[in-house]
Structure formats: C-alpha cells, structure tokens
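So the structure is just underneath, and the comments pick up after that.
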Ligand code: FES
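Protein chains in written order, with the numbering used here: chain A, 1 to 321; chain B, 322 to 667.
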C-alpha cells in the first residue's frame, strides 16, 4: 500500500457504450500493477482535464472487488448538467491518461446483516454491481430490486439476471411496474439491512416508508448522488487565504476555491461526507443548501456551508478558508 | 544484514534490555520541556532511516521475545484475542496489510509469495512456512487476525465503521497499558473513551472521531502516547493488576534507573480495503531510566516534564506514588541548560 498520496495514475483501457444514455469506462494502472483493493459501495473521484478547467466527479466502482486488474465505472449522460458527464462521453477515449483518487467508501455494507435488501433506481445500480459481486463471493444473502424507465435503459439488468437469477427483481416504469414497498419491507427476516441508491425522490420514499414501518435507522443505508447544481454566479471572499473569487454558473463553490489555488478537503463531492464543511464568517444574501450533511438548524443559522454542492445568491459572502 | 533478535523476558526475571542502537531509535515523545494532552495526529509516512518510522510497520530486536510473551498471555487468557463474527473479512485485510508491510520492510526475515488466492508466508525468525488460501479460514491454524497478530509486534484493535461511529469489534490486546479488550469489545468510540480525564471537553473526541472516520485508504495516520511502567512488563492489563499494581510501591532511590520505564505507544490508523474497517495498531516501546538518561537531552527534558505534569494527569497515568522519587533522581541529571527543540537526542 502506498502512502502520502490519494491519487492513482491510470490509463483508460476501454470505453463501452451500454445503452443510449450510459457508457462504461475501464481504467488500468499506468505502471501495470494491480489497483488497490476496495469494498462494495466505494467510489473514486475522476479528474477531468477539460481545457482550462479541472472537473472532479465521483463515480461508484462497479467491478468486482475480487478483481483489481481494472476499475470500471458507468457514467450516465446528463445533457443539462454542468458538463462532467458530457466530457466523459465525448472526450474520454481508450489510451487517455487520467488521474483518479483512491477508493473511498461512504456506502458500505453492514457485515452484521443476516440479509441485504437492495433497492436501485436507474444509474443508482452501479454501487450494487460491486456489492452483489462481493456478497456472492462470500456466499452472502442478498436480494436486489431494480427500477428503470424502460427495459432498454435497464443498465446491466441482463448481466445481473444472468449472474444471480431470482435474487434480482426488475420493474419497468413504462409497464407501470412498481415495487410493492410496504409488503417488501414488512416481510423481511429480522436482521435485514436495507440499501437504497437512486434519485432523491426514491431515496426519500424508501427511507420514509421504512421509518413508518418501524425499521431502525441504523439498518437503512442510502447513497445519494447529489451532483452540484448550476446556478447564478456569485462572489466569495476567502478570509484565511485572503482571496476574492467568482463562482460562475457551471462551477461549484468547491471547484472555484480549488481553482484559486486553495486546497480544501473533500471525500464525496456530493454533500454527504461532511469533509468539506466550512464556516461562514459573514454574509448578505441567501444560501442554497443542497447538502445532506448539515442539520436544518445549521442551514438556518447561516454559520456553515458545504462548498461541494451548495450555492449562494446575494451581495457578499465571506468564508473561513 | 538482518536484525539480531534478543533472548529476553518481560516477566519474572525481567531480562528485557535495549541495545545501544535501539536506545538511539527510541521514539522519545516530548518535543518540548512540558507536556499537555492533545490529539496530535499526523500522517503516518515513512520517516528517517534508523528510526522506528523507517518502515510503517516496525519490527525490532524484541520481536521474537515479544511474540513468545504474547503466546504466554494467550495461553492463560484466550479472551485477549476476540473477533465478532462480522469482522472476519477485516481480519483478512489485516493479515494482508501486515504480511505485505513486514515482507516489504524486512525481506531477509519475511517473504510473502502470492499465486492468486494461494499464498505462501515465510516467517524466518519464528520458523513458520505456511501455504494457505486467502479468504478461506479453514486453511489457517487460527482465524486470520489471530494468525497474523501472533506474528506482529504491538496490539491491534479493529474497528467497524457504521452509523457515523467506530465500534471496537475485534482485537488482539496483550501488551496494553491498563485497559481491557474483553471490557471494551462491542463498544463505540465514545463508550471506550469514557474514562479519560482532562479530555472531557467532548469537542476533542468529536473532532478525533470525525478525523478517524474520514481516514482514507492509502493514507494512514499516527500519534504517540506515553505512560510509565515499573519493570519492563508488556502485559499491564486490568486482569493482571494484582501482579503489576504493587510494583509501584517498590521504587526506591537506589532502583529508579533499573525499574522505572518510559512506555511509549506509537498508534497508527489505517483504512482496511475490503471490509472498510479501520485498524488501530498500538505498538509499545519500553526504555528503562538508566538507558534513557544515556542521552543527556532526554534526561534533562524528562525531568522537567515529569516535575511539571498536572496532578490529574499524573494520577491518570498512575505515577503518583513514585513521582517524587523519580523527579529527585532525574533532577541530578538536569544541569539547567536549554534543550534543543524536537524529539531526537542531541
Ligand atoms: S465533499 Fe463530502 S460533503 Fe462536501
């Protein structure tokens, strides 16, 4: 295990279109060594050199943790997003040298579980690709329910069905198939842990129903891909480093801070890990908090912000960075 | 050129000693003339050649004797090694980490050869040559954690991370300073730290927990901690208090140099890749006062640190009984001159 670095030099070894929206990318280490072992649910942050700008987006590792000759991620094209997924789809070709982070897991399996019940929506399937591979290797007990818009957008549904057969249940929106959530949640054996990854609406629905049906919160795990949202440009003063910077429409506050040469901590870049938390020294305007880390009180107090996903609208903002 | 392993004991006749080279590499924990409790965590990166940080997992001249002492402790009390059922995968992670690091740092003593899942591990100092299937517990004589920690210096706590907290769910703990795995097993971070005084401002622990839960793979961290022990005993567990507790009344001006030992723990923190757990190796280094004061800077500084230690801390560290005797003895070696900054001897 190397130390002092969180980055890996990789080369894109393959780019495979999966369906009309999703493309899979394969990475190998440039030095030909094995990549670090990881655990199901882990993500890597991919650095994209897009002209002047460096984008850093997190993507779940979807290969088997038992095979680290290569890492694979799947990227869903988002035509109205800030451009990271478009860059991946348009500009990343086999042979391109890239830099990615070491794996980080914020959506880990609870290995005490007697059974793992997994619910995926859309591209939220990716962390479960690795988790099911890990559990299958250890003879673990799991069951995966996967909803997608149409059969042709059921990314990897065929692969999963072939690998795990009846442990996989598919639901297609266009056929009006819907998970019978209450029944599913109320018929699980004691000691079951629930995992959900997908759009925010699905996560909230599942968490709320589970809470109503008496599931302890420690047994409910979720991963939300909160990509930073574009918004109005705004100016920020960084008190510690003495810089004033502009966050433009397509940039996150974290990216703008990084572009100014300040090196703030981060792990998820999705508003869930807490690592980028920053104190607000003063402000005149309103916050658009998009994170899942701070409490509602923190949000109301105006004392803290998570720069990876949150924005600001108003006259002035001074941060302790 | 390999390490020459000493034949020595940590009990009964107490023949433990440091060679002159090992005195110089001792991880002296005081960088200034006073001491205050602090979290003091830093990245665990390779340090200077010849120091205990030359390799991230240190193996030294006491290795064989320490492993023999561990076997004796376990024979008397198997509960010093425990692993809850969901921690087996983390045990394999630890086995890989320790085999890799020991083979990397000391190729003349340890060899790891892998052929897919078939691994061969050769440990020359302990005369072990085993071939096993990685991930298949039935191919080893013990569980993976117990197997490798019977061959690695220091204690090991393996922590499960869930619900934003860390849980002490596995460990091999035979060289501890007065705490017990059997008592702490299954507890979370706040529960097992409950008895520490002066750190009671919860803030310290909340920040430490936040730091630890964010430890990343490939980026271990470390800190030093210290206490004192009478006689070179590795095993100062609560279970054996009746054996070591009374030693504290036996310190006299005549035997201070031989009996009083500074005990330094190098604690490191590593994210484990398969289980996403954290392992917390606690490596214990002992040095008797006679050995320590061969470095004049350390003698002067230790005198000032122990003399000025706040009463609560002295009590917590169990020094109260013999502190006056020790301070008196050390004062004769303190000529009042300035000590240079930093840990190392002059
Ligand atoms: S980087 Fe994780 S919350 Fe901002």
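Note that the Cβ used here is the ideal one computed from N, Cα and C, for glycine as well.
Quick caveat: nothing in here was measured; it's all calculated off a predicted structure.
Where the alpha helix (DSSP H) through residue i begins and ends
i: residue 204 (chain A); result: 200–212
i: residue 409 (chain B); result: 409–426
i: residue 90 (chain A); result: 84–91
i: residue 511 (chain B); result: 510–514
i: residue 488 (chain B); result: Here residue 488 (chain B) belongs to no alpha helix (DSSP H); instead the beta strand (DSSP E) covers 486–493.
i: residue 132 (chain A); result: 126–137
i: residue 329 (chain A); result: The requested residue 329 (chain A) does not occur in the structure, where chain A is confined to residues 1 to 321.
i: residue 617 (chain B); result: 617–629
i: residue 184 (chain A); result: 181–186
i: residue 346 (chain B); result: No alpha helix (DSSP H) contains residue 346 (chain B), which DSSP labels as neither H nor E.
i: residue 389 (chain B); result: 384–397
Of the residues the options, the one placed nearest residue i, counting alpha carbons only
i: residue 534 (chain B); options: A:278, A:215, A:273; result: A:273
i: residue 227 (chain A); options: A:250, A:125, A:239, A:238; result: A:250
i: residue 601 (chain B); options: B:422, B:492, B:347, B:579; result: B:492
i: residue 369 (chain B); options: B:345, B:362, B:361; result: B:345
i: residue 544 (chain B); options: B:486, B:529, B:632; result: B:529
i: residue 113 (chain A); options: A:136, A:91, A:124, A:142; result: A:142
i: residue 355 (chain B); options: B:629, B:643, B:648; result: B:629
i: residue 531 (chain B); options: B:511, B:405, B:379, B:549; result: B:511
i: residue 76 (chain A); options: A:86, A:312, A:96; result: A:86
i: residue 24 (chain A); options: A:308, A:12, A:316, A:252; result: A:12
i: residue 266 (chain A); options: A:307, A:70, A:244, A:73; result: A:307
i: residue 546 (chain B); options: B:505, B:502, B:604; result: B:604
i: residue 662 (chain B); options: B:450, B:647, B:618; result: B:618
i: residue 330 (chain A); options: A:96, A:107, A:65; result: The displayed coordinates of chain A run from 1 to 321. Any statement about residue 330 (chain A) would go beyond what the structure contains.
i: residue 616 (chain B); options: B:331, B:348, B:337; result: B:348
i: residue 276 (chain A); options: A:294, A:204, A:202; result: A:294
i: residue 239 (chain A); options: A:123, A:31, A:270, A:320; result: A:320
i: residue 110 (chain A); options: A:39, A:182, A:255, A:292; result: A:39
N- and C-terminal bounds of the beta strand (DSSP E) containing residue i
i: residue 591 (chain B); result: 581–592
i: residue 357 (chain B); result: First-last for residue 357 (chain B): undefined, no H or E at that position.
i: residue 431 (chain B); result: 431–436
i: residue 33 (chain A); result: Neither: residue 33 (chain A) is in no beta strand (DSSP E) and is coded neither H nor E.
Interface partners of residue i on chain B, CB under 8 Å
i: residue 6 (chain A); result: 537, 539, 540
Closer than 7 Å at the beta carbon, the chain A residues around residue i
i: residue 594 (chain B); result: 36, 37, 38, 39
i: residue 343 (chain B); result: What residue 343 (chain B) touches in chain A: nothing, since even the nearest Cβ is about 24 Å away.
i: residue 597 (chain B); result: 39, 105, 108
Cβ neighbour criterion (16 or more within 10 Å) applied to residue i
i: residue 198 (chain A); result: buried
i: residue 300 (chain A); result: exposed
i: residue 562 (chain B); result: exposed
i: residue 558 (chain B); result: buried
i: residue 303 (chain A); result: exposed
i: residue 4 (chain A); result: Note that residue 4 (chain A) scores 33 on pLDDT, short of 50, meaning its location in the model is unreliable; the coordinates nonetheless yield the value given after this. Classification of residue 4 (chain A): exposed, given that the 10 Å Cβ count is below 16.
i: residue 279 (chain A); result: exposed
i: residue 341 (chain B); result: exposed
i: residue 229 (chain A); result: exposed
i: residue 584 (chain B); result: buried
i: residue 383 (chain B); result: buried
i: residue 590 (chain B); result: buried
i: residue 328 (chain B); result: exposed
i: residue 232 (chain A); result: exposed
i: residue 155 (chain A); result: buried
i: residue 567 (chain B); result: exposed
Minimum Cβ-Cβ distance from residue i to chain B less than 8 Å
i: residue 194 (chain A); result: no
i: residue 199 (chain A); result: no
i: residue 275 (chain A); result: yes
i: residue 97 (chain A); result: no
i: residue 135 (chain A); result: no
i: residue 218 (chain A); result: yes
i: residue 266 (chain A); result: no
i: residue 102 (chain A); result: yes
i: residue 3 (chain A); result: For residue 3 (chain A), the pLDDT reaches just 30, beneath the cut-off of 50, and the residue's location in the model is therefore unreliable, although a value from the coordinates is still provided. At least one chain B Cβ lies under 8 Å of residue 3 (chain A).
is_contact[residue i, chain A] using C-beta, thresh 8 Å
i: residue 563 (chain B); result: no
i: residue 379 (chain B); result: no
i: residue 665 (chain B); result: no
i: residue 457 (chain B); result: no
Amino acids of chain B, ordered along the chain, whose beta-carbon sits closer than 9 Å to that of residue i
i: residue 65 (chain A); result: 594, 595
Residue i Cβ short of 7 Å to the ligand HEM heavy atom set
i: residue 272 (chain A); result: As far as ligands go, the structure on display features the ligand FES and does not contain the ligand HEM.
Residue i: contacting residues in chain A (beta-carbon distance under 8 Å)
i: residue 423 (chain B); result: Residues of chain A passing the Cβ test: none, with the nearest at roughly 13 Å.
i: residue 482 (chain B); result: 108
Residues that residue i contacts on chain B, provided the C-beta gap is smaller than 7 Å
i: residue 111 (chain A); result: 407, 410, 596
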